[in-house]
Amino acid sequence: MMKWTLFTPELFYVAMAAVFFVGSLQRRVDSRRLYRWAVVLAGVGLAVTVACTRLEGFLFFDSYKVDLFSQFFKVLIALGTFFVVLVCSELYGIDPRKHAEFYFLLSVCTLAMMMLVSAVELLTIYIALELSSYSLYLMVPMRHRADAYVESGVKYFMVGATASAMMIFGLSYLFGMTHTTYVAEIVRVLPHLLHQPAVLVGLVLTLAGFFFKQALFPFHVWAPDVYQGAANQVTTYIATASKMAAAAMVIRFVALTTGHSETLIQLLMVLSVLSMTFGNLVAIIQKDIKRLLAYSSIAHAGYMLVGILCMTQRGYAGAVYYAMAYLIMNFACFMVIIKVADDGHNLQIKELAGLHKRSPLLAMTLMLALFGLAGIPPTLGFTGKFLVFAAALEKGYLLLVVIGMINATISLYYYLIVIKAAYLLEPVREYPPVRVDTWTRILSIVLVIAMIYVGIFPDRFVALSEAAVAVLP
Amino acid sequence: MLMTAMEFAQFPVLSVILFSTILALVVILLIPDDRPQLVKQVSLGFAAVGLALCLYVYFAYDTQKGGLQFVERVLWVKSLGIYYFLGVDGINVPMLLLTAVVLFTGVLTMWELERRVKEYFALTYLLVAGVYGVFMSMDLFFIFVWYDVSLFPMYPLIAIWGGTRKEYGAMKLTLYLLAGSVLILPGILYLWAVAGAHTFDLFELQRMGFDVNVQRIAFLMLYLGFGVLAGVWPFHTWSPVGHVAAPTAVSMIHAGVLMKLGAYGILRVGMTLCPDGLVYWSDLMALLATIGIVYGAFVGLAQTDLKYVIGYSSVSHMGIVGLGLATMTVDGINGAVFQMFSHGVMTALFFSAVGYIYDKTHTKMIPELGGLSKTMPKASAFFIIAAFCGIGVPCMSSFWAELLVFISAVKTYPIRGILAVSGLVVSALFMLRVVQKTFYGEKNPRWEHIPDVPLSLASPRIILVGILVFFGLFPRLILDVIQSAVIPFVNSL
Amino acid sequence: MNSLSVYLVLGAVLFSLGLFGVILRRNLIGMLISIELMLNGANLNFMAFNRFLAPEPAVGQIVTLFVMGIAAAEAAIGLSIILALFRRLHSINVEQARRLEG
Amino acid sequence: MMWLAKDPVLLAASACATLPFVSMVVILIFTRRYRSMSAAISISAIAACLLSALYLLWTLRHAPEPVQYQWAWIVSNDMIIPFGFLLDRLSLLMLTIVAVIAFLVQVYSLGYMAGDPGFSRYYAFQSLFAWAMMTMVIAPGMLQLYIFWELVGLASYLLIGFYYEKWSASQAGKKAFVMTRLGDIGFFLGIIAVLLGFGDLGILSMNEAAQAHRIAPSVVTLSALLIFCGVVGKSAQFPLLTWLPDAMEGPTPVSALLHSATMVAAGVYMMSRIFPFFAASPDAMAVTLFIGTVTMLLASTMAMVAYDIKQVWAYSTISQLGFMVMALGAGGYFAGVFHLTTHAGFKALLFLCSGIFIHEYHTNDMREIGRGGGRKLIIPMVCMTVGALALSGIFPLSGFFSKEAIMGVLAAKPNKVWLVAGLLGALMTAYYSFRLIFMILFPRQPAHHDAAHQGTGHDDHGHEAGHHGATFWAMAWPVMILAGITLVLGFFHKDLEHFLLGAGPAVHEAEFHGEGAGHGLGHYVLLFSAVSLALGGIVWAWLEFGRKGAAQEGFLRRYPKVEALFANRWYIDHAYRWLLDHLVYGGFTNLFTRNDRRVIDGAIDGICRFTVGGGRVVSFLQSGMVQYNLVLMVAGVGAVILFFVL
């Protein structure tokens, strides 16, 4: 059974899920122990995933494609999961009795997203998508002592369910028109059918499902409430790991269309511009950091799309690099948030006041991460933007790039507001000094170094992402 | 531009200069918080090293041979064709010297800083690293990277240690300047893409040459983008606000060096890559520059805040730089580069003189001051000398620059040139007005107690004055270096 | 009367009814049901396409089966979430849940 | 430095061009505290310059060709700006004048400035001036001349504003600098015009090229007129003449050195320096002549009503400069230069004498001085009278000869208007100078005068004049020397003429006419009329101010309007003030400042506000009601579908 090795990472996460399922059956388990287990398992999972990077092949009647692209993203997802687990040491956001379930859902969701990355068949995609969404649906309302945010869970569910219903309906049309559920097949015949309204509707509805996952305007509606409403760790997970999956899916799907359809490109352009502008504009007026980051994530989805819509190798590579950069920077921000709001409440911007005294290291991490998100060199965020814009200009989308840059400037404004809070404002009331344990210290130092190093020496990573997208048709 | 074995073999002095600042940054960050004095000494040491190295480069630069020297070139990002490519020619050698001098004097000027010393000097070094990087790099990607690196430390520097309306000023300045890069980055990438998307090497791109229309678009973008930082007329309003808000040494570095980055960018990137675009837009450039010269002087007449006055004088003087560039003649560009240098030194002197006065009197408002010459003759003397330099008194380095620029300007754009020349009267009027209202007149009892600037604090200002007068008396020492690069540059236009 | 279009129209109608329901109903349960309707519209399409067009007869049915299963899970999850909400707000009216905005 | 030693001429020249600068630097940096040392340094420097100037004059007196040294100061592409020395007769003469008077004045200042807190600073600035002036005088090219011309202006600014705690002083300094700068703009543009039109700024080449008509006449006229603007500014010609009276705010020695003898004469010097160039353009000459005449007359009228002793001499300086410009404009190269020479002597003399009075009586008002008993100070009184006689052109004093030369040139003009103007000027000159002399000699106590003040006046005079201390003699010696010069200088005018014209710059033919007229019968008529007019002026002054029972009220008292007009400098200053307020401050500055705040900055801030507001508006899309969000989403889908269909 050589082929099953292709499936090793997923299998591992199944096992991990199983472990925590068992754990959740115990009457009362020590959350510290759970945490240690989780860290170990997630770490091993990351190792396993990395080990399987070079595998290639098809599974399940070719509905499941394992290649460098998918494995690369699986590594990113595993990394994200590992990060999230690392910052779960004080999981006050979640009722202590539900910790096991939380980890269980986390593993399931990771598994689902890994499958999503590899799925190349409509049904598989759909199932993987639903599986990941459901675990998220469940994780979001898990939040402990949060009457204010209880509604976010149901909102997320309603919107998500509607989106997935639309998607499956669209899929039905695609299936009907193309007589197949294999994406490759569909894409092969699609260009000839594009004139048929049914196909159009189907296609658009399907895309809607993907964009929903990636929180592109106007399918972003769930993002702000969920980011704000979910427990900090959950938000972190949604903002990092699940973003990776969405990005991978969109890239793969768009790559399959192999750049024939100009209209598709125009559509993507419009969407990316709208997302950037909307996200940045609304983010300006936010007070709650998590909500602010939600809007900024909408904007970043737009930037990522700029790379994707070039439909060139360089564009995809840029998008992949951007995704990786986004994972690291965004996680750095959330780590700081989690550590500062150690009782798991929602952090307001003004609560960061005087952070540079309370914990210089965290403050610096935050500043670098935010500058990275704003796309200021020499952080890796800048390199990401540079790559996608370069790709766009190679296709001659000058205006698009200018708009992107303007948006970057706008975004700088609200990032600077946060930095200002961390570095300039004197706290209105005395906040306790932030407790930063050794692990966090190490983690943030690692993150800082990563952000700078990858930003200054991008060559290897660019090459890596290019290799990853090389396997795309 | 491929490096010969000899060049490769030699000591990579440019990288050393560049990374000594980074090293300084790291070292400073490692010093414990309770040792501010040590921080100052360390940063002064690094500044001195940088100054020595820059002096070495300046004098080791072979004007006879000309061209690019001290070249270091390493492939950085293969797939995009980014090179780590350092080198100096006659245009940026003086700029490096300027940067080193201003940094050195700036560190000395902030010797009495108490608040958050460590962070201050660390950020300063980050800023300076960016400046060095821009001046040395011959690769568009790195030019842009260093450009941004040099910009964003301004935000904390102003917002933390600043003065009047510091947060407003900081935010305004940072966004304003980074808005400039909104046009720069697309411009650079545009050229890169048009050139076949395989190299950011300035000179390879130059050798490729671009279509006229491409050049027109790209040059406009680059000109406006860099122009924001160069204080080109309609985009100059950050300059007074920012300078007023910024602490002394930051104003020194910013007005003295950072504003030059803009002009340098126009010259190095815009004009080098888009000569035809330059030809197409030069009329506009000359017009804006002339407006800037006259306008800055007139607005300066109405200011009541010393730093506002200097800010507007900078607008006026950078207008001279722009005018020189717009003439596209050897004399004009010589003058422009020379003016960059001397204006840098001059403004640094201005701000450090004002800085001392502000530290002692805690006011920059001209009406409240007055009669300072009685209480602090030395401190006032520095400002007055700077003012003379600003007026364009001969045997001060800026006089030569203005002479060259105006001659070629009148030659190329008679009307605008004459207007610009007559701007000199107004600038004389407003400089002397400030000098008179601030330093002359009856002794002001409010400032009786203030001690005159002690030698230790005067030293940076003395250095600056010395440079101004030295290059004013022996202009060839710098002009020959400059034109060793400018003449071939103009011939290549 | 026995043509593909009829079923498609029916499916479309189901779908749109569901959509309108989701948008118009203020009652969470009602919204949930409407979503189920949408899914069923999709199912109907799959079956119809499968019946009339598809080369090999199995796919559509399989998809439908999967969707039904998923729909069931969805309903369960949805109900549980709504229940959680109800515990706190003592209401299943979506208008009660509009705190987070902007 | 060997080459220096090898060539004593060069050594001397470079001594003039460096020593004072060195002394300035040394004083400013090292010896600000040690007053006497500063003075010693400065005076020894200027003395050295004087010696080398005399040496140069002596060695090169027979040199057929001007000696020229040049080094490239800056080289920009094909433009070379040289630094060097041009030693021909004119420059040597001027160099000597400057050195002599500067030396005397610096010695004089030992007394005058004694005990002043800014003693060292004063000598530093004096050195700066000496350096700039002398280097300007021996400049071989127009650009070097312009550069040091500006530096001279700087020195003048610093010295006028020397008592900077006096507001009026700093005001006057600013005024002087800005007004001369106004003229210098023209000068600069003129130089550029030459550069563009001819390409060489060497004085000699310019002159001979202009003479040989190798420059387009239009270029010559244009550039000559522009350069003349510089003269107007520096030599306080109409309409830029009002800064000079204000410049009297400076210490009296400064007024003597800069604002009468040398600096203000720099304009005239520069003009005679490139005289052939001017001469090549009749139009320019005509303008010059006109301006000179107007200036001369205006200034004389102003002098007739002033009571401030220094003001009177200032106005007279302006009018004498007007005479010189007239002479040059009329083509009288030698006449102009000669009058420049003599005037330097006697005007310095006059100022220094007045300086002694002011120093003794602490007032500038001639009536006060008179009541104080000015006549009891014999030496200055006598010397001043000598100076006044020279000024009004009485035989056998130096002024007589130079004025005659000028009259001769004017007489040679076909249009006699100029001559008439000149004679009128001579009359007024005599009148106002002796008005001053008599007012001091024969003081009158006005009916309404508080005895107390008068008493004190007497006291401090007696007390002052009682002991003639070192300070007094330090001031007295230079005065007497100058008086001596004034007495004898006139008799050398033939030698001087040969010296200058023997091998000077090419001589304009008008010169010959002038001289031709100088030897006929007409010459004697002219001579007689001029002298008689001067005497008439003196008599007139005697009648009004001198004789017993004279009201000491000028006839102008009877025409208050006219007097007000003269006293207010023909309202020229008011015009400038108006322009400054309404055009510069009220107009451009105000406009631009508003534009800066409102339009430009307003636009920027507006954009920012708009952006934030936009965020607020857009955020309504994200409503709390989940179903509205769904609507948005569905609408998005619909839009996308439309997008595809269309």
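Protein chains in written order, with our numbering: chain B, 156 to 628; chain D, 121 to 613; chain W, 75 to 176; chain P, 15 to 660. Here a beta-carbon is modelled for each residue, glycine too, at the ideal position from N, C-alpha and C.
Exercise. Whose Cβ in chain W lies nearer than 7 Å to the Cβ of P/G638?
Worked result: Taking the first residue of the fourth sequence as 1, we reach residue 638 of chain P at position 624. The answer, in chain order, is R172, R173, L174 and E175.
Exercise. Quick one: what does DSSP say B/P296 is sitting in, helix, strand or coil?
Worked result: Counting from 1 along the first sequence, the entry for residue 296 of chain B is found at position 141. Note: B/P296 maps to helix in three-state DSSP.
Exercise. Since W/I156 meets chain P, which of its residues come closer than 7 Å, beta carbon to beta carbon?
Worked result: Position 82 of the third sequence, counted from the first residue, corresponds to residue 156 of chain W. Under the 7 Å cutoff, chain P gives no residues; its nearest Cβ is about 12 Å from W/I156.
For this session: Measure from the alpha carbon of P/Y642 to the alpha carbon of each residue in W/R99, W/V83 and W/A122, then state which is nearest.
Result: As a first step, residue 642 of chain P must be located in the fourth sequence, where it is residue number 628. Here the closest residue by C-alpha is W/R99.
Exercise. Using a Cβ-Cβ cut-off of 8 Å (strictly less than) and excluding sequence neighbours within five positions of D/H374, which residues of its own chain qualify?
Worked result: Within the second sequence, numbered from 1, the residue matching residue 374 of chain D stands at position 254. The answer, listed in chain order, is M274, G362, H363 and A366.
Exercise. Within 9 Å (strictly less), CB to CB, does D/C509 reach chain P?
Worked result: Position 389 of the second sequence, counting from 1, holds the residue named residue 509 of chain D. No - not a single Cβ of chain P is within 9 Å of the one on D/C509.
Exercise. Buried or exposed: where does D/S612 fall if 16 or more other Cβ atoms within 10 Å of its Cβ makes it buried?
Worked result: Residue mapping note: residue 612 of chain D aligns to position 492 of the second sequence, counting from 1. Label assigned to D/S612: exposed.
Exercise. Would a C-beta distance cut-off of 9 Å place D/A406 and D/I440 closer than the cut-off?
Worked result: Walking along the second sequence from the start, residue 406 of chain D turns up at place 286. Walking along the second sequence from the start, residue 440 of chain D turns up at place 320. No; because the gap between Cβ atoms is not below 9 Å, this pair is not in contact.
Exercise. With DSSP run on the structure shown, which of helix, strand or coil describes B/I420?
Worked result: If you number the first sequence from 1, residue 420 of chain B lands on position 265. Helix, per DSSP.
Problem set entry | Cross-chain neighbours of P/L644 in chain W, by beta carbon under 8 Å | Residue mapping note: residue 644 of chain P aligns to position 630 of the fourth sequence, counting from 1. Residues of chain W passing the Cβ test: V96 and I97.
For this session: For the stretch 49 to 78 of chain P, list the alpha helix (DSSP H) runs that are entirely contained and at least 4 residues long, ordered along the chain.
Result: Taking only runs of at least 4 residues, the alpha helix (DSSP H) segments lying wholly in the stretch 49 to 78 of chain P are 49 to 73.
Exercise. For P/K417, which residues from the same chain have a beta carbon less than 6 Å from its beta carbon, with the 5 sequence-adjacent residues on both sides left out?
Worked result: Sequence index remark: in the fourth sequence, residue 417 of chain P carries index 403 (1-based). So the qualifying residues of the chain are G407.
For this session: Measure from the C-beta of W/L93 to each C-beta in chain P and report whether the shortest distance is under 9 Å.
Result: For the purposes of this step, residue 93 of chain W is taken as residue 19 along the third sequence, with counting starting at 1. Yes, contact with chain P.
Problem set entry | Per-residue DSSP class, three states only, for P/P96 | For the purposes of this step, residue 96 of chain P is taken as residue 82 along the fourth sequence, with counting starting at 1. P/P96 falls in the strand class under three-state DSSP.
Exercise. Can you tell me where the alpha helix (DSSP H) with P/L24 in it begins and where it stops?
Worked result: Taking the fourth sequence and counting its residues from 1, the one referred to as residue 24 of chain P is at position 10. P22 to I43 is the extent of the alpha helix (DSSP H) around P/L24.
For this session: Apply the 10 Å Cβ neighbour rule to B/T593 and answer buried if 16 or more other Cβ atoms are within range, or exposed otherwise.
Result: Numbered from 1 along the first sequence, position 438 holds the residue referred to as residue 593 of chain B. So B/T593 ends up on the exposed side.
Problem set entry | Sheet register partners of P/W661 (DSSP bridge) | Outside the displayed range of chain P (15 to 660) lies residue 661 of chain P, so it cannot be described from this structure.
Problem set entry | Assumed close pair P/V282, P/M193 - CB separation to whole angstroms, cut-off 8 Å | Against the fourth sequence, residue 282 of chain P aligns to sequence position 268. Against the fourth sequence, residue 193 of chain P aligns to sequence position 179. Rounded, the Cβ-Cβ distance is 17 Å, inconsistent with contact.
Exercise. Who does D/D321 pair with in a DSSP beta bridge?
Worked result: Reading the second sequence from its first residue, position 201 is the one you call residue 321 of chain D. D/D321 pairs with D/D259.
For this session: Answer with buried or exposed for W/E169, where buried requires no fewer than 16 other C-beta atoms within 10 angstroms of its C-beta.
Result: For the purposes of this step, residue 169 of chain W is taken as residue 95 along the third sequence, with counting starting at 1. So W/E169 ends up on the exposed side.
Exercise. Closer than 9 Å, CB to CB, is D/L138 near chain P or not?
Worked result: Here residue 138 of chain D refers to the residue found at position 18 when the second sequence is read from its first residue. It does not; no Cβ of chain P falls within 9 Å.
Exercise. Can you list, in chain order, the residues of its chain whose CB lies under 7 Å from that of P/G469, leaving out five sequence neighbours each side?
Worked result: By 1-based counting over the fourth sequence, the position of residue 469 of chain P is 455. Caution is warranted here: a pLDDT of 41 is assigned to P/G469, below 50, making its placement in the model unreliable, and the coordinate value is therefore given only provisionally. Once the five neighbours on either side are set aside, P/G469 has no close Cβ partner at all.
Problem set entry | Reference P/V40, options P/S28, P/K20, P/I206 and P/A54, closest by Cα | Position 26 of the fourth sequence, counting from 1, holds the residue named residue 40 of chain P. It is P/A54 whose Cα lies nearest to the Cα of P/V40.
Exercise. Which of helix, strand or coil does DSSP assign to B/G178?
Worked result: Residue mapping note: residue 178 of chain B aligns to position 23 of the first sequence, counting from 1. In the structure shown, B/G178 sits in a helix (DSSP, three-state: H, G or I).
Problem set entry | Cutoff 6 Å; reference B/L510; Cβ partners in own chain excluding five residues on either side | Along the first sequence, read from residue 1 onward, the residue named residue 510 of chain B stands at position 355. Answer for B/L510: A518 and A577, listed in chain order.
For this session: Helix, strand or coil for B/Q503, going by three-state DSSP, please let me know.
Result: For this step, residue 503 of chain B is matched to residue 348 along the first sequence. It is a strand residue.
For this session: At 8 Å on the CB atoms, spell out the chain P contacts of W/V168, in chain order.
Result: As a position in the third sequence, residue 168 of chain W is number 94, starting the count at 1. Residues of chain P passing the Cβ test: M639, V640 and Q641.
Exercise. What residues from chain D crowd round B/K229, counting only those whose CB sits closer than 9 Å?
Worked result: The residue you call residue 229 of chain B lines up with position 74 of the first sequence. Chain D residues near B/K229: none, gap ~24 Å exceeds 9 Å.
Exercise. Near D/R421, which residues of its chain fall below 8 Å by C-beta distance, leaving aside the five closest residues on each side in sequence?
Worked result: Working through the second sequence from its first residue, we reach residue 421 of chain D at position 301. With the sequence shown as reference, residue 421 of chain D is identified as Leu, and Arg is not the correct amino acid for it. The answer, listed in chain order, is V546, L549, F550 and R553.
For this session: Would you check if there are 3 or more beta carbon pairs closer than 8 Å linking the stretch 152 to 170 of chain P to the stretch 46 to 66 of chain P?
Result: No, the stretch 152 to 170 of chain P does not touch the stretch 46 to 66 of chain P.
Exercise. Which class does B/A274 belong to by DSSP, given the choice of helix, strand or coil?
Worked result: Your numbering for residue 274 of chain B matches position 119 in the first sequence. Residue state, collapsed to three classes: strand.
For this session: Tell me the start and end of each unbroken alpha helix (DSSP H) in the stretch 105 to 165 of chain P that is at least 4 residues and wholly inside, in chain order.
Result: Contiguous alpha helix (DSSP H) elements confined to the stretch 105 to 165 of chain P occur at 133 to 151, taking only those with 4 or more residues.
Exercise. Shortest alpha-carbon distance to B/A303 belongs to which of B/V199, B/D380, B/S452 and B/Y190?
Worked result: Residue 303 of chain B sits at position 148 when you count from the first residue of the first sequence. The shortest C-alpha separation from B/A303 is found at B/D380.
Problem set entry | Entirely enclosed beta strand (DSSP E) segments - the stretch 456 to 507 of chain D, minimum 3 residues | If you keep only unbroken beta strand (DSSP E) runs of at least 3 residues inside the stretch 456 to 507 of chain D, you get nothing at all.
Problem set entry | CA-to-CA distance, W/E175 to P/S637, given in whole angstroms | Translated into positions along the fourth sequence, residue 637 of chain P becomes position 623. Translated into positions along the third sequence, residue 175 of chain W becomes position 101. Spanning the two alpha carbons is a distance of roughly 5 Å.
For this session: Could you name each continuous alpha helix (DSSP H) segment of 4 residues or more that falls completely within the stretch 288 to 361 of chain B, going from the start of the chain to the end?
Result: 305 to 333 and 338 to 348
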